[in-house]
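What follows is a single structure, written as structure tokens, with notes after it.
Residue numbers (my numbering): 357 to 693.
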């Protein structure tokens with residue numbers, strides 16, 4: 357009674373083919389074995405699929421393929437967790453980060469079965485591909501992901517940390533992180549001279565990132581190391597007072613540029629930081645910048661006249677609409693949160 361059907365008898369009105377066992381059609385699992393054999397061969401490296409397919413589908417697919425060809429069908433099986441709608445969600449990731457949660461309740465609430473589940477193209481149009489990718493990468497691939505647009509927006513805000521850092525490095529060094537050559541090997545030596553304080557920390561964090569990726573693609577832990585890299589760079593810039601041009605040395609600028617480029621190198625392994633964040637049209641950029649420069653001049657004049665109430669009011673009102681003013685020794689800058 358536990359055996360599965362290789363050939364199903366045809367019912368009236370169903371597609372069927374003649375066979376020594378009567379008219380019928382292949383069982384469900386034969387379909388995937390046949391496609392894999394035709395396209396990938398008798399044995400291949402990785403077979404993926406959702407946790408809800410481990411049993412019976414993949415177990416039966418493996419059994420029939422192994423018996424047919426007398427060799428293991430697949431070297432590695434990678435089963436991803438399911439995406440659940442927020443209304444039916446409990447704790448993200450289930451009972452632990454690595455536990456395979458394959459019970460029927462989880463299967464029944466996966467988002468592909470949810471009414472009103474929207475299309476990916478529409479979601480990308482609203483949120484952007486990088487935000488969605490970052491939202492997914494923060495959770496281990498075998499864990500359940502609770503989907504919500506609020507979660508994607510939260511991930512986007514976290515991702516903006518790196519956009520602000522890259523802008524800061526470019527402002528200080530005069531070099532765009534996106535124009536720097538990337539390291540193409542695991543060797544730490546390609547970072548160059550690591551005698552500098554910052555690059556020593558960068559090398560350690562880079563090694564930690566790669567180790568976590570080697571540990572069953574622990575993307576959540578790897579992303580944590582990228583955030584630590586960002587904090588290390590910002591801390592170094594503040595400690596060395598690099599916002600002040602008179603405090604900058606060539607060695608400090610080189611360390612900062614290499615460190616920021618390392619973030620981009622590691623991010624690209626996850627599909628992040630491939631291109632500059634999308635900006636508005638150049639005409640819109642120019643107009644907005646002109647308006648903001650005017651606001652900054654008004655605020656600077658208020659501060660010079662010791663009218664701090666007006667200066668603070670302008671800053672606070674801009675913050676409410678998502679624009680941050682950063683004051684430095686060489687003047688004020690603005691950025692969109």
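The C-beta atom is built at its ideal place from N, Cα and C for all residues, glycine as well.
Here the structure is a predicted model, which is why all the values come from computation and not from measurement.
On the three-state DSSP scale, how would you describe residue i?
i: residue 447; result: Legend: pLDDT at residue 447 = 34, less than 50; position of this residue unreliable, value from coordinates given subsequently. It is coil, neither helix nor strand.
i: residue 507; result: helix
i: residue 380; result: strand
i: residue 400; result: strand
i: residue 533; result: helix
i: residue 390; result: helix
i: residue 456; result: At residue 456, the pLDDT of 46 sits below 50, so the modelled position is not reliable; the number obtained from the coordinates is stated separately. In the structure shown, residue 456 sits in coil (DSSP, three-state: anything other than H, G, I, E or B).
i: residue 430; result: strand
i: residue 615; result: helix
i: residue 412; result: helix
i: residue 538; result: coil
i: residue 360; result: coil
i: residue 512; result: helix
i: residue 596; result: coil
i: residue 659; result: helix
i: residue 584; result: helix
i: residue 564; result: helix
i: residue 631; result: coil
i: residue 385; result: helix
i: residue 482; result: helix
Between which two residues does the alpha helix (DSSP H) containing residue i stretch?
i: residue 604; result: Careful: residue 604 lies outside any alpha helix (DSSP H) and carries neither H nor E.
i: residue 488; result: 485-493
i: residue 422; result: 415-425
i: residue 367; result: Note, residue 367: premise wrong, no alpha helix (DSSP H); not H, not E.
i: residue 671; result: 664-676
Bridge partners of residue i, per DSSP?
i: residue 405; result: 435
i: residue 441; result: 503
For residue i, report the span of its beta strand (DSSP E) as first-last.
i: residue 680; result: 679-684
i: residue 574; result: From DSSP, residue 574 is part of no beta strand (DSSP E); its letter is neither H nor E.
i: residue 373; result: Neither: residue 373 is in no beta strand (DSSP E) and is coded neither H nor E.
i: residue 687; result: 687-692
How about residue i and residue j: do their beta carbons lie closer than 9 Å?
i: residue 413; j: residue 433; result: no
i: residue 503; j: residue 569; result: no
i: residue 375; j: residue 421; result: no
i: residue 498; j: residue 404; result: no
i: residue 610; j: residue 552; result: yes
i: residue 538; j: residue 624; result: yes
i: residue 681; j: residue 690; result: yes
i: residue 380; j: residue 372; result: yes
i: residue 489; j: residue 628; result: yes
i: residue 479; j: residue 506; result: no
i: residue 696; j: residue 557; result: Residue 696 falls outside the range modelled here, since the chain spans only 357 to 693, and no answer is possible.
i: residue 518; j: residue 619; result: yes
i: residue 384; j: residue 363; result: no
i: residue 401; j: residue 430; result: yes
i: residue 406; j: residue 435; result: yes
i: residue 631; j: residue 534; result: yes
Within 8 Å: the Cβ of residue i and any heavy atom of the ligand MG?
i: residue 425; result: Annotation note on the ligand MG: not contained in the displayed structure, which lists no ligands.
Spell out a yes or no on whether the segment 560-573 and the segment 518-529 are touching, meaning 3 or more CB-CB pairs, one atom from each, closer than 8 Å. At 8 Å Cβ cutoff, the stretches do not touch.
Using 8 Å as the cut-off, can you tell me whether the segment 610-629 makes contact with the segment 587-596, which would need three or more C-beta pairs spanning the two stretches below that distance? yes
With three or more C-beta pairs closer than 8 Å as the rule, is the segment 486-497 touching the segment 572-579? yes
Please confirm if the segment 589-606 is in contact with the segment 648-665, defined as three or more CB-CB distances below 8 Å between the two stretches. no
Check whether the segment 484-492 touches the segment 506-522, taking contact to mean three or more Cβ pairs, one atom from each stretch, closer than 8 Å. yes
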